[in-house]
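Per the numbering used here, residue 1078 is the first one in the sequence shown, and the count goes up by one each step. For glycine and all other residues, C-beta sits at the position ideal for the given N, C-alpha and C. Source: prediction; values computed, not measured. This report refers to the structure that appears directly beneath it.
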Amino acid sequence: MPRELVDLHIHVGGAVAPHILWSIAHQQGFKLPVKNYFEFVELITSTPDKVKSLEEYLKIMHTWTEKIQSSPGAIERSVYEVIGKEYRSSNVSHIELRFNPMKRNLHSELDLDHIIHAALRGMDRAILEYGVKACLIFCLAREFDHRLNAIILEKAIKYRNRGVLGIDLAGTEKDALELKPEMVVQYEELFARARAAGLKTTIHTGETAGTGAEGVMAVVERLKPHRIGHGIRAAYDENAMKLLKERDVVLELCPTSNLHTRAVENLQEFKHIVRTLWDRGVKFTFNTDGPYLLNTDMSREIELVETNGILSSTQVDQTLAWAREYSFITNGNGQGAF
Ligand SMILES: [Zn+2]
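Here is the structure:
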């Protein structure tokens, strides 16, 4: 049996197999811009020649996959299928699946609680069938106003004892609200409220090429997350790495995602980043981000790291140990009730 893997950073929007989305779309009578299945696969997959930036990658997710997943039946099946697929393909026995429930309720036409309950049902079924540990993380959005993000937080708190164990902040870094003094205060309050309610927190930052480590620094100082999504820019800034180490913040690295969205130029740069973080004692994990959208899975992510000499097998085992140690499931609920 292959070794047990962990995926702490995976979006429902990029993780459902094309044939499942195709099936859901038809089941719901969804009008698609393509007639043929292979054109559909092309439409919802990010090949390097098609996607040249994080913005283009997110656009595929927002335009098609999130829309198709916008009904209780669709989100239940999506969550169920993602967890099962990760286990079957890569022996992922521990998965933290994230999505924004408010991007699945057709701009308030659907009731948010129905969407959330459906996602939890999908998760419960997969846990029962495969014996894995899983939880949900709700993504707040940088492009949402404060009121909407506050509602998502309230829902996460409401469902904390049902398996929603954390919140995230996602979206492009063009709107880096953590760098805007008038905005960051509001978000400080939201993240403090999340922590006080016993939720764990993670934040997407320090991903995009061309940005510095200032986003990482601001997020750690002001929003105090337990983990950071990507955070690779920190590898170019000694102070940022020192801060991450001091505050014991773990980075969720996503190798294929960074290569596809051009967050890193090539494998050499990714290797440089990983080795620098390792040398400076910054803890990190490897994750898929969006396995179908990026045409990868957890086994391939680990293989990429090992076969390209980025880290040794023993070092990879250490990152898997960190993933378990800093998982929201074991941290938030003792032995992983979910
Ligand atoms: Zn992500």
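Whole-angstrom Cβ separation of residue i and residue j, contact assumed at under 8 Å?
i       : j       : result
Ala1092 : Val1159 : 4 Å
Thr1278 : Arg1272 : 6 Å
Gly1161 : Leu1197 : Their Cβ separation, rounded to whole angstroms, is 16 Å, which puts Gly1161 and Leu1197 out of contact at 8 Å.
Ser1155 : Gln1105 : Ser1155 to Gln1105, Cβ: 12 Å. No contact.
Ala1400 : Val1083 : 4 Å
Leu1370 : Ile1121 : 7 Å
Asp1265 : Arg1219 : The sequence shown places Glu at residue 1265, not Asp. Not a contact, Cβ separation roughly 15 Å.
Ser1167 : Ser1376 : 4 Å
Tell me the DSSP bridge mates of residue i?
i       : result
Ala1218 : Ala1247
Arg1304 : Thr1279 and Val1327
Arg1175 : His1088 and Ile1214
Phe1268 : Beta-bridge pairing links Phe1268 to no other residue.
Leu1082 : Val1169
Val1241 : Leu1213
Might you give, ordered along the chain, the residues of its own chain that have their beta carbon closer than 8 Å to the beta carbon of residue i, omitting 5 neighbours on each side?
i       : result
Gly1502 : Nothing about residue 1502 can be read from this structure; the chain reaches only from 1078 to 1415.
Lys1136 : none
Tyr1403 : Leu1085, His1303, Arg1304, Val1327, Lys1360 and Thr1362
Ile1087 : Val1159, Glu1163, Ile1172, Glu1173, Leu1174, Arg1175, Asn1364, Thr1365, Asp1366, Gly1367 and Pro1368
Gly1292 : Glu1250, Ala1253, Glu1255, Leu1256, Thr1282, Gly1283 and Arg1310
Excluding five sequence neighbours on each side, which residues of the same chain lie with their C-beta closer than 7 Å to the C-beta of residue i?
i       : result
Trp1099 : Tyr1114 and Phe1117
Glu1186 : none
Leu1276 : Ala1233, Ile1234, Arg1237, Leu1242, Gly1243 and Ile1244
Leu1131 : Thr1249, Glu1284, Thr1285, Thr1338 and Ala1340
Arg1202 : Tyr1157
Val1297 : Leu1320, Leu1321, Arg1324 and Val1326
Thr1036 : The chain is shown from 1078 up to 1415; residue 1036 falls before or after that span and cannot be answered.
His1223 : Gln1263
Gly1411 : Low confidence applies to Gly1411: its pLDDT is 41, below 50, so where it sits in the model is not reliable enough to give any reading.
Ile1379 : Leu1082, Phe1363 and Val1393
Given residue i, which residues of its chain have a CB within under 6 Å of its CB, disregarding the five upstream and five downstream residues?
i       : result
Glu1284 : His1307 and Ala1340
Thr1391 : none
Asn1368 : Checking the displayed sequence, the identity of residue 1368 turns out to be Pro instead of Asn. Result list for Pro1368: Ala1092 and Asp1374, in chain order.
Ile1152 : Gln1146, Arg1181, Ile1192, Ala1195 and Ala1196
Ile1387 : Lys1348 and Val1351
Establish whether the CB of residue i and some CB of chain D are separated by less than 9 Å.
i       : result
Pro1302 : Note that chain D does not occur in the displayed structure, where there is just one protein chain.
Exercise. If we count Cβ pairs, one from each stretch, closer than 8 Å, do we get three or more for the region 1221-1234 versus the region 1173-1193?
Worked result: Because the criterion of three Cβ pairs below 8 Å is met, the region 1221-1234 and the region 1173-1193 touch.
Exercise. What are the uninterrupted segments assigned as alpha helix (DSSP H) that are 4 or more residues long and contained completely in the region 1309-1388, given in chain order?
Worked result: Counting whole runs of 4 or more residues, the region 1309-1388 contains the alpha helix (DSSP H) stretches 1315-1324, 1332-1337, 1344-1356 and 1375-1384.
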